[in-house]
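In the working numbering, the protein residues as written are 401 to 571.
We put the CB at the ideal spot given by N, CA and C, even for glycine.
Values in this document were obtained by computation on a predicted structure and should not be read as measured data.
Each remark here refers to the structure printed beneath this line.
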Amino acid sequence: MSDTPRPSHDPRPKVTLRTVLIAIGVVLVVLIAGAIVVTTRNASTPDTNPSPVAPAAVSTMSSGAVASRAAMMEEEKPDSEHVVEFRATTNRPGFVVYRVTDGEGTRADMTQSWSHEERVKNLDGVFLKVKSLSGGDADAEVSCQILVDGQVWGSDSGSGRGAFSKCLLRG
């Protein structure tokens with residue numbers, strides 16, 4: 401027999417429940433911190449490549465205005481033409497993306513106020529997006545309006561970091 405004494409316990413450290421819980425807690429903290437950094441970085445980065453895809457519908461019209469708009473659309477002749485006016489304001493440099501027909505949107509830089517007028521036969525898909533290039537400036541304010549034949553059919557406003565507003569018409 402050998403004269404070397406045998407250890408009375410296993411030399412490998414035991415993994416306890418406490419160790420596992422601490423490891424899970426550290427992983428959660430790292431994941432949450434990473435998500436906060438990504439969210440903050442995305443919110444403060446100017447949108448220099450706006451998507452030409454139409455944004456969701458936003459409207460501040462009353463139900464009466466919606467009803468009169470619907471009645472106007474029903475009475476409309478297929479070949480009738482409308483004057484669509486886009487209006488946008490911002491207190492910081494920014495840009496607009498607008499579309500009057502199917503396809504890509506058109507981008508234009510702006511400061512303070514901007515407007516554009518088009519004659520169209522089809523109101524489906526007409527939209528306007530206004531974006532402030534304020535970066536991290538919390539005081540940015542933007543607004544948009546779409547007028548059809550002189551009447552406001554859509555309006556929106558936004559403020560704060562990365563402020564934007566959007567208006568969309570669906571005929």
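{"Item": "Separation of Ala433 from Gln545, as counted between CA atoms", "Value": "39 Å"}
{"Item": "Chain-order list of residues whose beta-carbon lies under 8 Å from that of Ser573 (same chain, five-residue window excluded)", "Value": "Residue coverage of the chain in this structure runs from 401 to 571, which leaves residue 573 outside it and unanswerable."}
{"Item": "Close-in-space but distant-in-sequence residues of the same chain around Asp549 (CB under 8 Å, 5 per side omitted)", "Value": "His482, Val483"}
{"Item": "Closest residue to Val497 among Gln512, His516, Asn491 (Cα-Cα distance)", "Value": "His516"}
{"Item": "Pick from Arg519, Val542, Val526 that is closest to Gly494, judged by C-alpha positions", "Value": "Val542"}
{"Item": "Cβ neighbours of Ile424 in the same chain (closer than 8 Å, five flanking residues each side left out)", "Value": "none"}
{"Item": "Closest Cα partner of Arg487 within the set Gly503, Asp502, Glu518", "Value": "Glu518"}
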